[in-house]
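Each remark here refers to the structure printed beneath this line.
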Amino acid sequence: RLMKDWNSPVYAFFDPTPQIVEIDGRRAHNFKCQAKRGKNKVRRYLDKGDARSTGNMRKHVHLCWGDEVLKAADQAKDANEVHQNIVGSFLRNGSITASFERKGKGNVMYSHRQHTRTETRAEIVHWVSESLRPFDIVKDHAFQSLMKMGRPEYYLPSPSTVSRYVWQVFVRTRQRVATMLQEYNRKINFTTDGWSSPNHRALVAFSAHFEHKGEPLSIPLDVVEVGKV
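Under this note's numbering, the residues of the sequence shown are numbered 112 to 340, in order.
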């Protein structure tokens, strides 16, 4: 009975017939995204005043398919047009949408939409910084094969570009940390730790520890080499 009113283009991104479930005595519809396989669903309870709302569905499409696809769908006449001209096209052209489990961190979701040049630079800067990768890994043959196979035009920044952006992120992050500590109006604990490197250099690290938004936060402030006496 409700399906006859489901004319919004956003419905085209989900299986046409939702699963009807009952949770704690409440009936709900589970809408399964067509680009996903497994647990990726949007749930809508039927006993709420906004039982016909598509807000959560639009949020899911934005994350999964990308903002450009959602905007294109909004320009379509109805859900049928979206399904034929947009959803069908994406599902046929080999775009990847996948999810896999990370222990303790839920699902990681990958969008159909390819990264822009800016997003690619940001992702690589994040990756090499967090995983301690050398800047010239972007020139590695195997890495380039993984990134460019099937899409040889895919943009990858040069090692010098990665280095430059890592430095820019460091400068901005250092300023944000300095501002955070200066404006913090509660107690901050400072610690030091000393050690010797494999080449027999003595080093000392300085860290700050405090509560941020209800969670304990530790920030390394600096690592300095101890001069010889």
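We put the CB at the ideal spot given by N, CA and C, even for glycine.
*Hey, residue 183 and residue 123 are a contact pair by Cβ (cut 8 Å); roughly how many whole angstroms apart?*
Stepping through the sequence shown from its first residue, residue 183 is reached at position 72. Stepping through the sequence shown from its first residue, residue 123 is reached at position 12. Contact flag wrong, Cβ pair sits at about 11 Å.
Would you give the residue range spanned by the beta strand (DSSP E) that residue 304 belongs to? Locating residue 304 in the sequence shown gives position 193, where the first residue counts as 1. Run containing residue 304: 300–307, per the beta strand (DSSP E) assignment.
Out of 278, 337 and 234, which has the shortest C-alpha to C-alpha gap to residue 307? Within the sequence shown, residue 307 is the residue found at index 196, counting from 1. Of the candidates 278, 337 and 234, the one whose C-alpha sits nearest the C-alpha of residue 307 is 337.
What first and last residue would you give for the alpha helix (DSSP H) that runs through residue 329?
To locate residue 329, count along the sequence shown from 1; it is residue 218. Taken as a continuous stretch (DSSP letters only), residue 329 belongs to no alpha helix (DSSP H), being part of the beta strand (DSSP E) at 326–336.
Discussion item. Is there a C-beta anywhere in chain B that falls below 9 Å from the one on residue 278?
Written reply: No chain B appears in the structure shown, which is made up of a single protein chain.
Task: Where residue 168 falls: helix, strand or coil (DSSP) - done: Walking along the sequence shown from the start, residue 168 turns up at place 57. Looking at residue 168 - three-state DSSP - the assignment turns out to be helix.
CB contact flag (residue 288, residue 315, <9 Å):
Counted from its first residue, the sequence shown places residue 288 at position 177. Counted from its first residue, the sequence shown places residue 315 at position 204. No; because the gap between Cβ atoms is not below 9 Å, this pair is not in contact.
Can you tell me whether residue 181 is helix, strand or coil according to DSSP? Here the question's residue 181 lines up with position 70 in the sequence shown. In the structure shown, residue 181 sits in a helix (DSSP, three-state: H, G or I).
- prompt: Around the Cβ of residue 146, are there at least 16 other Cβ atoms within 10 angstroms (buried) or fewer (exposed)?
  reply: Translated into the one-based positions of the sequence shown, residue 146 becomes position 35. Buried, by the Cβ-count rule.
Here's the rule I'm using: 16 or more other beta-carbon atoms within 10 Å means buried, otherwise exposed. How should residue 137 be labelled? Here the question's residue 137 lines up with position 26 in the sequence shown. Per the 10 Å Cβ criterion, exposed.
**Study point:** Completely contained beta strand (DSSP E) runs for the region 226–311, where each covers 3 or more residues
**Key:** 300–307
Query - Residue range of the unbroken beta strand (DSSP E) whose run includes residue 191 - result: Here residue 191 is taken as the residue at index 80 of the sequence shown, counted from 1. It is not in any beta strand (DSSP E) - residue 191 instead sits in the alpha helix (DSSP H) that spans 190–193.
### Query
Among 260, 247 and 132, which has the Cα closest to the Cα of residue 272?
Indexing the sequence shown from 1 puts residue 272 at position 161. When only C-alpha atoms are compared, the closest one is 247.
query: If we count Cβ pairs, one from each stretch, closer than 8 Å, do we get three or more for the region 229–236 versus the region 256–269?
result: yes
- prompt: Where DSSP assigns a beta bridge to residue 323, which residues make up the other side?
  reply: As a first step, residue 323 must be located in the sequence shown, where it is residue number 212. In DSSP, residue 323 forms a bridge with 326.
**Request:** Can you have a look at residue 125 and say buried or exposed, based on whether 16 or more other CB atoms are within 10 angstroms of its CB?
**Result:** Residue mapping note: residue 125 aligns to position 14 of the sequence shown, counting from 1. Buried, since its Cβ has 16 or more Cβ neighbours within 10 Å.
Practice item. Answer yes or no: do residue 144 and residue 132 have a C-beta to C-beta separation smaller than 9 Å? Key: Numbered from its first residue, the sequence shown carries residue 144 at position 33. Numbered from its first residue, the sequence shown carries residue 132 at position 21. Contact: no.
TODO: Classify residue 123 as helix, strand or coil using the three-state DSSP reduction.
DONE: In the sequence shown, residue 123 corresponds to position 12, counting from 1. The answer is helix: DSSP assigns residue 123 an H, G or I state.
- Would you be able to state if there are at least three C-beta pairs under 8 Å between the region 320–332 and the region 295–303? yes
Taking only the alpha-carbon atoms, compute the straight-line gap between residue 323 and residue 229 and give it to the nearest angstrom.
Working through the sequence shown from its first residue, we reach residue 323 at position 212. Working through the sequence shown from its first residue, we reach residue 229 at position 118. Distance between the alpha carbons of residue 323 and residue 229 is about 30 Å.
- Query: Are the beta-carbon atoms of residue 295 and residue 321 separated by less than 9 Å?
  - Reply: For the purposes of this step, residue 295 is identified with residue 184 of the sequence shown, where counting begins at 1. For the purposes of this step, residue 321 is identified with residue 210 of the sequence shown, where counting begins at 1. Yes. Within cutoff.
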